[in-house]
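What follows is the structure, encoded as C-alpha cells:
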C-alpha cells in the first residue's frame, strides 16, 4: 500500500532541493499532519511540504507524480472524518503559508483568497468594507479546507453552503497542470461546472490553491433569539414550520437537553436544561422584528417558552460562541474523553422522525452523546463523548452511527450533510449512491489516473 | 463524420422493433428535430425516437452505443445556440412524451418531474399548493432542456439559475446505465457533485430523464415597476447600485430604446422610448414597499423618471408578457427576418462599460439589434434582427458578436451567461477556459468514450 522506500527517498531529496527548510521529515511535524479531529489514530505522511505558491504546489505534485507518491492537502486539520490522514504515506502539503487575501471586489460582492486564509481571518480583513463571508462550520477552518469538504454550518439555511458560495477556483491537477475553473461573471453556461466538481472533492481530484468567494453586505439589523421547548418534537416542528413558511431565517440551531446542559456548564450560562433553539435573523430593522414575531408565534403553539430576543452585539456574540463551543462543551462532560462527531442530513419532512428515533437509541444506550444540529437544513450531529481506549464504548458508538446512517438513507437522506466522507464514511458510499458510484470512480480515474491525490479517501477501493 | 449507412440501418431496425410507431424517419419529423431557435441551418438526425420512460431511453442509448451512433436529446427545441442539431446524424430522442409531474413534496419545497414537463406546465400544476418554480428563461421550455443548458432568465437575480435549483437527477449514461445523482436531503458532503456536472452539460455526458427541483412559497406580496432613463448609463448604474446595496430584488430587466420601441409596437404599449428597467419585488407587503422605495431613490438620482409601480396582477402579467415577447417583438421590427440572439455575462462592476461599448458598436452598424438583459446578474443579450439570406448582414452580426465575446472575456466575463455553447460558441471555449478545457475533455472521454452523446457540441474537437 505504501510508497516504495526508494521512491520516497527520491521525492524527499527532490523536495528538499526545492523547498529547503520548508520540507520537514520530523516525526512531530509528520504526526501533526497525519491526523484531524476525527477519532482515527494518526497516520503520518512521509514528509510535510510547506508551500508558498501555486507554482510550488504544482512542482511538488509533479515530483510526487513522477514517483507515484501520494499527495495530501493540509489546512487547519479541523476536518472530522479522517480527511488528512496518510494511510499510504506520501507528502502532506501544508497550505497555511498561503494565507493572503488576494483581492476584494466590493462592487461585485466577491473576493479571491489563498487556501490558507481562515474564515475568521477573512471576516476580520473585510471588517471595514461592510461585507462578510457567512459560511461558518464552527472551527476557524481554512477556506481551502472548507471548499474541499463542501463545508456549511450555522448560516447555511439562509446563505447556502460552500457549494453556493464558491465562484471559482485555481486548482493544481494530478500531473501538475494549473487550471482556473471559472471566470468572475456571476453565472455562465459555458461548459461543465468544474467549480462544483472540486468543491467537496476532498483533495482527491486536485489541490485548490486559490478560491473566489461570494460576499454579502452585513445586514442592517441582526437579532438573535433563544427559545426552550418542553420536548424535542416541539423544537423540531418549529423548525419545520419556519422553513415551510419561507421565513428567511439566517440561523436555526437545535441543542438537545444533554447538549444544553454541557453548554451551560462550559460557557457559564444558565439556560433551562431543555431542548432549545438558537435563532438568528438578518434583514432591515422592521424585517428582523417581523421574522422574530413570526417564529415566536410558531414556537408558542408548539410548547416553546420564554422566547427571548436581542439585537445587542455582545449578547449575540456570547450566544454564538457558546454554540460554536458545543463540541468542546460536550468533551468537557467527561474528563479524559474525546468527541467523535457524526452527521447526517434528511429531507425536512422526515427530520422530526429521524431525530426522535435517534434520540431513542441514545436514551437506550450507556453513552454520553449530545445532539446538536443545523436543523433548518435537515442536518444534525451526534457528538459521542468517548473513552477511546474503551473498546466497548467505541463499538457502541459505531453501532449507533450505523443505525443513524441507515435511518437517514432510508429517508432519502445522506450519510453526511457537511462533515464529508474522508475515511469515516467510505463504507456508506455505495449504499448512498448505487450505480452512480461507478461514475464517480470514472471521474476520479480520468483526473487522477495514478491515484496519488489523497488516496484511500472518499471512494470505496480508491 | 456521419454514421456508417449499415450501422444506422441496424439502429433503425432495432429501434423500430422497440418503439414501433414511435420511431419516425419522416423527413418532416427529422427536420423539425434538427433545428432550434438558433440561426444555423437544419441538420437533421437519421431518425427520431419518441421515448416514454427512463428504461426506454436506456434501451435506445444501448442500441445506439452498440452501433457507434450519435444520440441527441430533444425537448421543446427552444435552445438558442444549435444544441439539438445533428451534424453527424444519429438518433434524436424526443422526450416530450415524458411529461409527468411525478411527485410534489410540499413540506420539503421540492418536486420531481419528467424532462418533458415545461416550466409553465409545472407552475400550472403547482397552482393550488402555494408554491412555484421561479426559473424562467422566456420560452416555455422543457425542464429537461433547461437543466441541460443551465438556463436562468428573469428571476435568477433572486432565485439563482438551474445550477442552484436542481437538487438531483436521473441520468442515462452513454452505455445505458441509469444513475441517480443525489438524494433528497437539502445538502450533502458525500462525494462528487454529479448533479452540477450534468446541469449545463448539454446532453454531452448523458440524458436526463428525471429532475428533482427546488420550489418556493409564492411571496405574500409581489409588485412590479417600470422606470425610464434619460440614458443607458443611468439605467445600468441603477442596477449596479441596487445589487451592491443588497436589495433582494426578484427581477431587474433592461431594455434599450430600440427594444422598448419594439415592445411598444408588438404589445400595444406606450412606454416612453427610452432605456428602461422592468423591475419586480417579492416579499411581505411592507418589504415590497420598502424595496421599491429604495430602488426608486437610486433611480431618481440617476435620471430615472416616472417610476411607476403596481401590485395589480393583471398589469404585472401584461408587463412580463411584454418582456417575454421581446424576441418576437424584435423579430417584428423587420418582416421576413429572423432573430439571432447572443448573450454574455460580466462582473457587475464592468457591466456599464460592457453595455456602453457594445451599444457604440451597434450604433455604428447598419444592423437592427436591440439590447435586452437580465442585468442584475451582469447578463445581457443582443437580438440581431437579420435577413439570413443577406450574407452581408450575417457577417456583420458575426463581427459584432466576436467583439462582444472578446469584450466580455477581457472583463473576466463569460461567452454565454445562459444560452449555452451548442454549436455557436464552441470557438470561444478555449479562450474562455484555457488549460481547463483539457480537464473538460478528460471528463467527456471518461463518461462518453465513444463520443456518441450529442457529438460536435460544446467542446472544440468533440
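Residue numbers (our numbering), protein chains in the order written: chain C, 248 to 709; chain G, 248 to 709. Glycine is no exception: its CB is placed at the ideal position from the N, C-alpha and C atoms.
Short Cβ contact (8 Å threshold) for residue i with residue j
i: residue 428(C); j: residue 419(C); result: no
i: residue 627(G); j: residue 615(G); result: no
i: residue 391(G); j: residue 458(G); result: yes
i: residue 336(C); j: residue 250(C); result: yes
i: residue 380(C); j: residue 366(C); result: yes
i: residue 643(G); j: residue 596(G); result: no
i: residue 447(C); j: residue 671(C); result: no
i: residue 463(G); j: residue 493(C); result: yes
i: residue 435(C); j: residue 661(G); result: yes
i: residue 617(G); j: residue 509(G); result: yes
i: residue 499(C); j: residue 524(C); result: yes
i: residue 454(C); j: residue 416(C); result: no
For residue j and residue i, the rounded distance between their alpha carbons
i: residue 675(G); j: residue 634(C); result: 59 Å
i: residue 513(G); j: residue 553(G); result: 22 Å
i: residue 333(C); j: residue 702(G); result: 41 Å
i: residue 310(C); j: residue 407(C); result: 37 Å
i: residue 491(G); j: residue 369(C); result: 19 Å
i: residue 485(C); j: residue 605(C); result: 19 Å
i: residue 507(G); j: residue 667(G); result: 25 Å
i: residue 351(C); j: residue 465(C); result: 15 Å
i: residue 504(C); j: residue 522(C); result: 5 Å
i: residue 691(C); j: residue 698(C); result: 8 Å
i: residue 318(C); j: residue 431(C); result: 29 Å
i: residue 298(G); j: residue 683(C); result: 23 Å
i: residue 665(C); j: residue 607(G); result: 49 Å
Proximal chain C residues relative to residue i, where beta-carbon distance stays under 9 Å
i: residue 666(G); result: 436
i: residue 463(G); result: 493
i: residue 304(G); result: Ordered by position in chain C, no residue passes the 9 Å Cβ test against residue 304(G), which lies about 15 Å from the chain.
Within chain C, partners of residue i - CB distance below 8 Å
i: residue 393(G); result: In chain order: nothing, as chain C lies at least about 11 Å away.
i: residue 499(G); result: Going along chain C, no residue has its Cβ under 8 Å from residue 499(G), so there is no contact; the nearest lies around 12 Å.
i: residue 428(G); result: 683
i: residue 352(G); result: 594, 596
i: residue 663(G); result: 435, 436, 437
Integer Cβ distance of residue i from residue j, believed to fall under 8 Å
i: residue 285(G); j: residue 327(G); result: 5 Å
i: residue 451(C); j: residue 700(C); result: 5 Å
i: residue 563(G); j: residue 469(G); result: 7 Å
i: residue 263(C); j: residue 253(C); result: Wrong, their Cβ atoms sit about 16 Å apart, outside the cutoff.
i: residue 471(C); j: residue 557(C); result: 6 Å
i: residue 395(C); j: residue 312(C); result: With a Cβ gap of about 19 Å, residue 395(C) and residue 312(C) do not count as contacting.
i: residue 483(C); j: residue 501(C); result: 7 Å
i: residue 477(C); j: residue 410(G); result: Not a contact, Cβ separation roughly 42 Å.
Proximal residues of chain G, C-beta to C-beta of residue i below 7 Å
i: residue 697(C); result: Residues of chain G passing the Cβ test: none, with the nearest at roughly 14 Å.
i: residue 625(C); result: 432, 433
i: residue 397(C); result: 436
Close-in-space but distant-in-sequence residues of the same chain around residue i (CB under 7 Å, 5 per side omitted)
i: residue 519(G); result: 475
i: residue 281(G); result: 289, 290, 291, 292, 332, 333
i: residue 480(C); result: 599, 603
i: residue 388(C); result: 322, 323, 325, 365, 366, 398
i: residue 531(G); result: 467, 468
i: residue 587(G); result: 286, 631, 633, 644
Interface partners of residue i on chain G, CB under 9 Å
i: residue 537(C); result: 531, 533, 534
i: residue 628(C); result: Those do not exist, as residue 628(C) stays about 13 Å from chain G at its closest Cβ, beyond 9 Å.
i: residue 660(C); result: 430, 431, 432, 435
Chain-ordered chain G contacts of residue i [CB-CB under 8 Å]
i: residue 410(C); result: 434, 440, 443
i: residue 448(C); result: 439
i: residue 672(C); result: 437
Beta-carbon contacts of residue i that lie in its chain and below 8 Å, excluding the five residues immediately before and after
i: residue 583(G); result: 634
i: residue 412(C); result: 380, 381, 382, 406, 460, 461
i: residue 347(C); result: 360, 361, 364
Residues of its chain near residue i, where Cβ-Cβ distance is below 6 Å and the 5 sequence neighbours each way are ignored
i: residue 386(C); result: 325
i: residue 579(C); result: 513
i: residue 694(C); result: 452
i: residue 314(C); result: 254, 257, 258
Residue i CB to nearest heavy atom of the ligand NAP below 7 Å
i: residue 541(C); result: As presented, the structure is devoid of all ligands, the ligand NAP included, so that no description of it is given.
Within chain C, the residues that residue i reaches when beta carbons sit closer than 7 Å
i: residue 355(G); result: 594, 595, 596
i: residue 330(G); result: Within chain C, no residue comes near residue 330(G); the closest Cβ sits about 10 Å away, beyond 7 Å.
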